[in-house]
Amino acid sequence: MRRDREWRSIPGLVRWAAERYADVEAVVEGRTRISYAELGARVERAAAACLAHGLRPGDRVAIWAPNSLDWIVSALGAVSAGGVLVPLNTRFKGAEALDVLRRSGTRLLFVTGTFLGTSYVASLRRAAGPGQLPEQVVVLAEDAPPDFRTWKDFLAEGEGVGSDEVLERVSSISASAPSDIIFTSGTTGRPKGAVITHAQSLRAYDIWGDLAGLRQGDRYLIVNPFFHTFGYKAGVLACLMRGATMIPQPVFNVGTALANIAAERVSVLPGPPTLLQSLLDHPARDAHDLSALRLVVTGAAVVPLRLVERLRGELGVETVLTAYGLSEASGIVTMCRRGDDPSVIASTSGRAIPGTEVRVDAPPGAPGEVLVRGFNVMLGYYEDQSATDEVLTADGWLRTGDVGVMDDAGNLRITDRIKDMFIVGGFNAYPAEIEQLLALHPDVADVAVIGVPDARLGEVGKAYVVRRAGAVLTGDDLIAWARREMANYKVPRVVEFVGELPRNASGKVVKGRLRAGG
Numbered sequence: 156m157r158r159d160r161e162w163r164s165i166p167g168l169v170r171w172a173a174e175r176y177a178d179v180e181a182v183v184e185g186r187t188r189i190s191y192a193e194l195g196a197r198v199e200r201a202a203a204a205c206l207a208h209g210l211r212p213g214d215r216v217a218i219w220a221p222n223s224l225d226w227i228v229s230a231l232g233a234v235s236a237g238g239v240l241v242p243l244n245t246r247f248k249g250a251e252a253l254d255v256l257r258r259s260g261t262r263l264l265f266v267t268g269t270f271l272g273t274s275y276v277a278s279l280r281r282a283a284g285p286g287q288l289p290e291q292v293v294v295l296a297e298d299a300p301p302d303f304r305t306w307k308d309f310l311a312e313g314e315g316v317g318s319d320e321v322l323e324r325v326s327s328i329s330a331s332a333p334s335d336i337i338f339t340s341g342t343t344g345r346p347k348g349a350v351i352t353h354a355q356s357l358r359a360y361d362i363w364g365d366l367a368g369l370r371q372g373d374r375y376l377i378v379n380p381f382f383h384t385f386g387y388k389a390g391v392l393a394c395l396m397r398g399a400t401m402i403p404q405p406v407f408n409v410g411t412a413l414a415n416i417a418a419e420r421v422s423v424l425p426g427p428p429t430l431l432q433s434l435l436d437h438p439a440r441d442a443h444d445l446s447a448l449r450l451v452v453t454g455a456a457v458v459p460l461r462l463v464e465r466l467r468g469e470l471g472v473e474t475v476l477t478a479y480g481l482s483e484a485s486g487i488v489t490m491c492r493r494g495d496d497p498s499v500i501a502s503t504s505g506r507a508i509p510g511t512e513v514r515v516d517a518p519p520g521a522p523g524e525v526l527v528r529g530f531n532v533m534l535g536y537y538e539d540q541s542a543t544d545e546v547l548t549a550d551g552w553l554r555t556g557d558v559g560v561m562d563d564a565g566n567l568r569i570t571d572r573i574k575d576m577f578i579v580g581g582f583n584a585y586p587a588e589i590e591q592l593l594a595l596h597p598d599v600a601d602v603a604v605i606g607v608p609d610a611r612l613g614e615v616g617k618a619y620v621v622r623r624a625g626a627v628l629t630g631d632d633l634i635a636w637a638r639r640e641m642a643n644y645k646v647p648r649v650v651e652f653v654g655e656l657p658r659n660a661s662g663k664v665v666k667g668r669l670r671a672g673g
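Just so you know, we're using the working numbering here: the sequence shown kicks off at 156 and counts up by one.
The structure is reproduced here in structure tokens:
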């Protein structure tokens with residue numbers, strides 16, 4: 156952890172970066188290119204506007220918008236004014252967004268105009284009754300309804316607030332104060348808000364930057380959404396720390412990503428395995444110069460070894476790393492190290508990051524619940540003590556709800572969620588593991604596995620499968636194939652083909668709907 160006095164808070168980091176990397180390109184968005192000095196000035200202006208609108212330290216400020224320069228400036232401006240950031244998932248519908256706004260007590264909301272053909276403003280107004288919206292709503296666009304403000308008008312109203320006043324507010328922010336409330340994307344029940352402090356965020360992503368090898372001069376394509384810890388903190392905050400250039404991409408489109416990587420000489424690309432696989436398999440890949448790519452960070456229950464090998468062999472990516480984290484632990488728990496064998500990177504999520512302890516609640520080599528203790532563990536769920544007590548033990552361990560296995564070197568392999576495990580004739584079956592194996596079948600495009608009752612074995616697996624285009628795979632074919640590829644108790648007894656899997660706003664499969672037959 157760096158000891159610069161200015162790093163006590165996220166706004167302190169912004170000011171430090173604006174001075175340290177003043178002439179370095181900070182953000183590229185289309186034809187707009189701004190330096191770190193300019194980014195610092197824009198953030199200060201946004202903070203001044205927040206002060207002009209009466210934002211108090213600790214007030215919650217939400218942002219409901221895709222990855223963009225305006226997201227970065229408005230979010231960092233609000234945090235610089237002492238606000239606690241509440242990022243909203245861009246896949247939320249109006250009622251879902253309103254629920255989080257209400258439960259977090261948000262006073263100020265920044266919202267995009269239209270995104271992917273949807274008017275977020277209209278969606279919000281349809282869902283809200285009288286008095287249900289935050290006190291102030293700012294639309295990150297040139298037009299806004301009469302009772303809302305445009306981004307331009309909002310910034311203009313802060314022109315009477317001087318730099319000294321902003322600096323005074325920044326200087327008053329404690330390292331131990333909450334910096335954000337990250338609402339989980341749980342597939343059961345409504346989201347819960349994990350409260351994380353400035354010190355936790357800064358320490359965690361300074362470590363992430365060191366382990367990943369992020370450095371000044373890197374050009375970072377940020378496809379991971381900013382509303383997610385990984386997009387905002389391993390993206391925006393990590394770049395601020397190292398003086399890397401941020402290239403936000405609002406929607407994952409393979410063609411756009413390939414064009415960005417080539418045109419902007421992108422060197423850093425974190426993202427899920429599916430994103431990386433789609434880049435490798437795109438028919439126009441060879442038409443783009445991807446030679447600048449040197450660092451890829453990914454994570455999932457299992458990352459195929461052949462994906463790691465292809466990234467290194469076909470694209471010449473120098474460093475491929477896997478990691479594991481969750482919102483309740485500042486988004487980072489374990490991470491592979493540069494120099495780890497490809498088999499370790501593909502089959503595990505690495506070892507505990509410095510300053511944390513990770514253990515598995517089971518004998519060595521056996522699957523059990525993953526527990527985490529250290530500086531990265533949240534303060535608790537916002538205004539939900541009973542839910543907090545369920546996951547935080549008296550001696551500081553966070554019960555993650557994830558099932559994992561730890562090897563002798565401390566490398567963690569995540570196998571599933573506790574609630575998804577089912578028992579086949581006395582054997583624990585982990586859907587994520589079975590899904591990964593089934594996904595290797597050439598005719599399977601997507602798959603989800605659940606446990607269903609069975610008179611003889613108690614439970615057996617049922618697979619919901621999306622076929623690849625043009626495939627004529629049958630259930631009997633897949634079951635016969637599975638019997639050759641996995642232990643008998645893991646083999647699904649039933650296969651149902653579907654057009655698509657039900658997913659929540661964060662893209663996770665909603666297994667409750669599958670269990671309910673929907």
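Glycine included, every Cβ here is placed at the ideal spot set by N, Cα and C.
What you are looking at is a predicted structure, and each value in this text was computed from that prediction instead of being measured.
Taking the Cα positions, residue 281 is about 15 angstroms away from residue 257. Exclusion of the five residues before and after residue 582 leaves 644 as the residues of its chain whose Cβ lies within less than 6 angstroms of its Cβ.
For residue 309, the uninterrupted alpha helix (DSSP H) run begins and ends at 306-311, by DSSP.
If you check the CB distance, residue 182 and residue 240 do not come in under 8 angstroms. The straight-line gap separating the alpha-carbon atoms of residue 567 and residue 379 is approximately 23 angstroms. Look at residue 569 here: in three-state DSSP terms it is strand. Considering only 272, 639, 556, 670, the residue with the shortest C-alpha distance to residue 607 is 670. 205 is the residue among 205, 528, 558 whose C-alpha sits nearest the C-alpha of residue 314. The alpha-carbon separation between residue 422 and residue 245 amounts to approximately 26 angstroms. In the DSSP secondary-structure assignment, residue 583 is bridged to 578.
A straight-line Cα-Cα distance of about 6 angstroms links residue 389 and residue 360. With a beta-carbon spacing of about 6 angstroms, residue 413 and residue 440 fall inside the 8 angstroms limit used to define contacts.
The residues 522, 558, 570, 571, 575, 576, in chain order, have a CB closer than 8 angstroms to that of residue 585 in the same chain once the five nearest residues on each side in sequence are set aside. Residue state for residue 548 is assigned as coil, using DSSP reduced to three classes. Residue 328 has no beta-bridge partner at all, per DSSP. Rounded to the nearest whole angstrom, the C-alpha separation of residue 306 and residue 297 is 7 angstroms. Rounded to the nearest angstrom, the gap between the Cα atoms of residue 548 and residue 535 is 11 angstroms. Cβ contact annotation for residue 465 (same chain, cutoff 7 angstroms, sequence separation greater than five): 435, in chain order.
The beta carbon of residue 193 lies closer than 8 angstroms to those of 181 in the same chain, with the five residues before and after it left out. Close CB contacts of residue 274 within its chain, under the 8 angstroms cut and outside five residues either way in sequence, are with 268 (chain order). Short of 8 angstroms from the beta carbon of residue 542, and not among the five residues preceding or following it, lie these beta carbons of its own chain, in chain order: 347, 536.
Distances from the CA of residue 524 to each of 554, 506, 480, 495 were compared; the closest alpha carbon is that of 554. Between the region 506-516 and the region 457-477 there are fewer than three inter-stretch CB-CB distances shorter than 8 angstroms, so the stretches are not counted as touching.
Assigned with DSSP and collapsed to three states, residue 184 falls in strand. Under the DSSP assignment, residue 616 falls in the beta strand (DSSP E) whose first and last residues are 613-622. For residue 396, the enclosing alpha helix (DSSP H) begins and ends at 393-397. The Cβ neighbour count for residue 372, taken over all protein chains shown within 10 Å, is under 16; the residue is labelled exposed. Here the C-alpha atom of residue 187 lies approximately 43 angstroms from the C-alpha atom of residue 668. According to the DSSP assignment, residue 651 belongs to the beta strand (DSSP E) that extends over 649-652. Ranked by Cα distance from residue 659, the first of 424, 503, 519, 345 is 345. With a threshold of 16 other beta carbon atoms within 10 Å, residue 214 meets it and is buried.
Spanning the alpha carbons of residue 601 and residue 367 requires a straight line of approximately 30 angstroms. Annotation: residue 476 is outside any alpha helix (DSSP H); the continuous beta strand (DSSP E) that includes it extends over 474-479.
When DSSP reads this structure, residue 503 sits in no beta bridge, so it has no partner.
DSSP, reduced to helix, strand and coil, places residue 360 within a helical segment of the structure shown. Per DSSP, the beta bridge partners of residue 512 are 528.
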